[in-house]
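Okay, so the sequence shown: first residue is 1 according to UniProt numbering, each after it adds one. By construction, the Cβ of each residue, glycine as well, lies at the ideal position given by its N, Cα and C atoms. From a predicted model like this one, the values you see are computed outputs, not experimental measurements. Let me begin by presenting the structure, written as structure tokens, before commenting on it.
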Amino acid sequence: LNGFYIQIFFECDVRFACFISFVKAISDMIGEIRKKDLNPVVDALPYIDQGYDEEAEAAAMALIQEECSRYRHVKSTKYDLPALNFDKFLTELLKAEFERIQNRQPMQGLNMRRYELPGPSSTRMGDLDSWQEALQNAKAQLEQQDLRILNLELMIEYGAEAWKIYLEKAEKTKNLFRKRISLLREKVQAVHFSRKRKQTEAGDKLKQLEARWVSLVTKNYEIEKICAEIAVQNAIKRKQLEEEQEATAVAES
């Protein structure tokens, strides 16, 4: 029974160490990301934008390609990015464990030789020193077993209560984060509603201004057309008047 508990504790320690290494790697990665500027300027109006057709998309892509061909690529804009290195977050212990799983090898059991109590060999049965060495080994093993039994008894007596306290704290932490998530979602929703209201109001005003602009452009076109027609008529009348004046002058002479 003691060996069974020892093996369980050993496996738990290994898995816990792997988990701690993974969490540390993720924390380091998050820290590096936070150091960078990740606040792009967004000027889209999704609540009033009507989209674009294929011609507009082709024109926009042509402008983008033309602009990309004019500036020098820097490290953050290169397309030939290196391949992802997934081994960056793996410790030697995790690499060995993943290699064992990939090779379908069984997990090594706990080495129990240190817990064995061998006596003197058959050739040294009459050697007093060998018997004293075996006796000292037996006493050391007995003391270690007593300590393990004591730890197990303490765990049986106080472990359940300790876990209850831990679970209560974990439950409180979970509820706290749920409340925070709920508040953040409400704030995000409020931001969406505010953006939608402002964009809708601005969209109505933009539509009115666009309609007015179209009306004014149409009127200007009609006025220019009428002015052009009047100019043509005036030119014709001026020519006719000049011809009449010339005819009158010839007749008088």
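One Cα belongs to L45, the other to E201, and the distance between them is close to 12 Å. One Cα belongs to K237, the other to E222, and the distance between them is close to 22 Å. Taking 3 residues as the shortest admissible run, the segment 147-179 contains no complete beta strand (DSSP E) segment at all. Distance from the CA of A134 to the CA of Y158, rounded to the nearest whole angstrom, comes to 36 Å. In the three-state DSSP reduction, A83 falls in the coil class, being neither helix nor strand. About 6 Å separates the beta carbon of L117 from that of Q141, a gap short enough to meet the 8 Å contact definition. In the DSSP assignment, L63 falls within the unbroken alpha helix (DSSP H) covering E54 to C68.
Within the same chain, Cβ atoms closer than 6 Å to the Cβ of Q199 are found at L45, Y47 and I48, the five residues on either side in sequence being excluded. Distance from the CA atom of D127 to the CA atom of E143, rounded to whole angstroms, is 25 Å.
In its own chain, leaving out the 5 sequence neighbours on each side, no residue places its CB closer than 6 Å to the CB of T123. Per DSSP, the unbroken alpha helix (DSSP H) holding F98 starts and ends at E92 to Q102.
In this structure, Y115 is the residue among T173, I165 and Y115 with its C-alpha nearest to the C-alpha of R148. The three-state reading of DSSP puts G126 in coil, since its state is none of H, G, I, E or B. Looking at the backbone, the Cα of K139 and that of I165 are separated by about 38 Å.
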